[in-house]
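Asker:
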Ligand SMILES: [Zn+2]
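In the UniProt record's numbering, the protein residues as written are 1 to 351.
#1: Do you know offhand how far residue 27's Cα is from residue 261's?
#2: Quick check: residue 197 and residue 107, are their CB atoms within less than 8 Å of each other?
#3: Taking 7 Å as the cut-off, is the C-beta of residue 178 nearer than that to any heavy atom in ligand 1?
#4: May I ask you to check if the CB of residue 53 is nearer than 7 Å to at least one heavy atom of ligand 1?
#5: Compute the distance between the beta-carbons of residue 104 and residue 124, then report whether it is under 8 Å.
#6: Compute the minimum distance between the beta carbon of residue 49 and the heavy atoms of ligand 1, and state whether it is under 7 Å.
#7: Alpha carbon to alpha carbon, how far is residue 232 from residue 298?
#8: Along the chain, where does the beta strand (DSSP E) containing residue 58 start, and where does it finish?
#9: Classify residue 276: buried if its beta carbon has 16 or more other beta carbons within 10 angstroms, exposed otherwise.
#10: Quick check on this structure: which residue in 176, 155 and 171 has the alpha carbon closest to the alpha carbon of residue 139?
#11: Is residue 218 helix, strand or coil by DSSP?
#12: Can you tell me whether residue 234 is buried or exposed, with buried defined as 16 or more other CB within 10 angstroms of its CB?
#13: Keeping to the same chain, check which residues put their C-beta closer than 6 Å to that of residue 38; ignore five residues upstream and five downstream.
#14: Taking 8 Å as the cut-off, does the region 247–265 touch the region 175–192 (at least 3 CB pairs, one atom from each stretch)?
#15: In angstroms with no decimal places, state the Cα-to-Cα distance between residue 340 and residue 334.
#16: Going by CA-CA distance only, name the one from 191, 201, 178 and 267 that's closest to residue 354.
#17: Can you tell me whether DSSP reads residue 255 as helix, strand or coil?
#18: Could you have a look at residue 65 and say whether DSSP puts it in helix, strand or coil?
#19: Say yes only if the C-beta of residue 26 is nearer than 7 Å to one or more non-hydrogen atoms of ligand 1, and no if none qualify.
#20: Output the boundary residues of the beta strand (DSSP E) element that contains residue 191.
#21: According to the Cβ coordinates, are residue 325 and residue 263 closer than 8 Å?
#22: What residue range is occupied by the uninterrupted beta strand (DSSP E) comprising residue 99?
#23: I'd like the span of the alpha helix (DSSP H) that includes residue 266, first residue to last.
#24: Which value, in whole angstroms, describes the spacing of the CA atoms of residue 110 and residue 255?
#25: So residue 235 is in the alpha helix (DSSP H); what residue range does that whole segment cover?
#26: In the DSSP assignment, find the unbroken alpha helix (DSSP H) run with residue 340 in it and report its ends.
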C-alpha cells in the first residue's frame, strides 16, 4: 500500500521516513515501510496480518499504476489514493471526488472471481459511487472471452460496451470498445488509446469496419470440430440430429452474418439454427407462448447470457426472436396469425 497512518494522520510512502509506528488505515495493524529497487517506497503489513483489506501481495505494476491513475483522473476531481471505506469494508485504489458522482477506480492486476467483482461492485453502489475497473497486464494479453467480459465489461457513453486497460509502461489508458460478437460467436471490439480524461469523455475518434463473416470458413471450422467431437458443438448437433438433420446442412433461411452484443455464447448463427430447427419440427400449434419457450431453450443450449456483472440485456432473446420470425415470415416460411404462426413451407436442408 502507498498510504499509512501515523499519529492519526495519513502519510504517503513517498514522504515517509523509516520508523516503527506506521499503521494500516483500514485495520490499524502495524505496517512497515519498504523501499523496492524498481517499485518506489510502499508500506506492507507484517507477515500473517489478519487485515481483511490487505489485498494481494502488491506487485510493482499495481503500486505504480495506482499513482499513475490518480494523476490521470485528477482533472475529474480530487483524487485520493487507497481510500478506505469502512462502511463497506473496501479500499478503493483511487477515489475520485467527481462533482456529479464519486468514482472508485479499481486497478485490477490479480485474479478476481465473478463473485469478487459482484461483491465489490455492489459495495460501491451502496455508497452511490461509480466503480471503474481498469485492468492490468495479466488481462491485457488475454484474447477476448466471456469470462473477462462477464466480470469487467461496462457501458460508457460513446464507447458503449467496453473494457478499460492501463499500461504502466506507456502511462496510457486503452479502451476496447463497441464490444460485439460475430454470428459465429467470436468476440471483437475496437481499440482506442487515450492519453487524458478529456479524450475519454470525447469518445472514439475513428472506427474501423468490422470484418465480414465468411460463412464457408465457419462451416469448415464446424466440420473439423464435429470430426473431433468438440464439446462446444456436440450438444447442439445432437439436438439437430434428433429432428433428422445434420448441423452442417442448415437451411440458408437460418444463415446470418449479423453481429450481436457479446452475450450470445456460441453465437447467433447456432442459436438461429437450433431455434429454427425446433420451430419447423413442431407439430403442435405455434402459439406465442410455445415459440417464446423454444427461443429461450435455444438461447440456453447455445450458452447465451442475459447479463454480466455490470450490464444486463434482459430483452436480447425477445429481440432476436422477433427479428428472426419477421425474416422467416417475409421469406414466406411462416405466416402470422392472431395467436401465433403457422408454417407455410419447410426450409430446405442441404446435403
Ligand atoms: Zn490492514
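Virtual Cβ for every residue (Gly too), placed ideally from N, Cα, C.
Answerer: By the coordinates alone:
#1: Cα-Cα distance, rounded: 42 Å.
#2: Note that the C-beta distance between residue 197 and residue 107 is not below 8 Å.
#3: It does not: the Cβ of residue 178 is nowhere closer than 7 Å to a heavy atom of ligand 1.
#4: Result yes, Cβ under 7 Å from ligand 1.
#5: The beta carbons of residue 104 and residue 124 sit closer together than 8 Å.
#6: Residue 49: yes, Cβ under 7 Å from ligand 1.
#7: Distance from the CA of residue 232 to the CA of residue 298, rounded to the nearest whole angstrom, comes to 14 Å.
#8: No beta strand (DSSP E) holds residue 58; DSSP gives it neither H nor E.
#9: Label assigned to residue 276: buried.
#10: Measuring C-alpha to C-alpha distances from residue 139 to each of 176, 155 and 171 identifies 176 as the nearest.
#11: Residue 218 falls in the helix class under three-state DSSP.
#12: By the beta-carbon neighbour count (other beta carbons within 10 angstroms, threshold 16), residue 234 is exposed.
#13: Excluding sequence neighbours, residue 38 sits near 60.
#14: Judged by pairs of C-beta atoms under 8 Å, the region 175–192 touches the region 247–265, as three or more such pairs exist.
#15: Going by the C-alpha atoms only, they are around 10 Å apart.
#16: This structure does not reach residue 354, given that the chain is present from 1 up to 351, and the question cannot be answered.
#17: If DSSP states are grouped into helix, strand and coil, residue 255 belongs with coil.
#18: Correct three-state label for residue 65: helix.
#19: Checking every heavy atom of ligand 1 against the Cβ of residue 26, one is found closer than 7 Å.
#20: From DSSP, the beta strand (DSSP E) with residue 191 extends over 187–194.
#21: Judged by beta-carbon spacing, residue 263 lies beyond the 8 Å limit of residue 325, meaning their Cβ atoms are not closer than that value.
#22: Counting along the chain, residue 99 falls outside any beta strand (DSSP E), and DSSP gives it neither H nor E.
#23: In the DSSP annotation of this structure, residue 266 is not part of any alpha helix (DSSP H), being labelled neither H nor E.
#24: Their Cα atoms are separated by approximately 41 Å.
#25: Per DSSP, the continuous alpha helix (DSSP H) segment holding residue 235 begins and ends at 234–242.
#26: Under the DSSP assignment, residue 340 falls outside any alpha helix (DSSP H), being part of the beta strand (DSSP E) whose first and last residues are 340–343.
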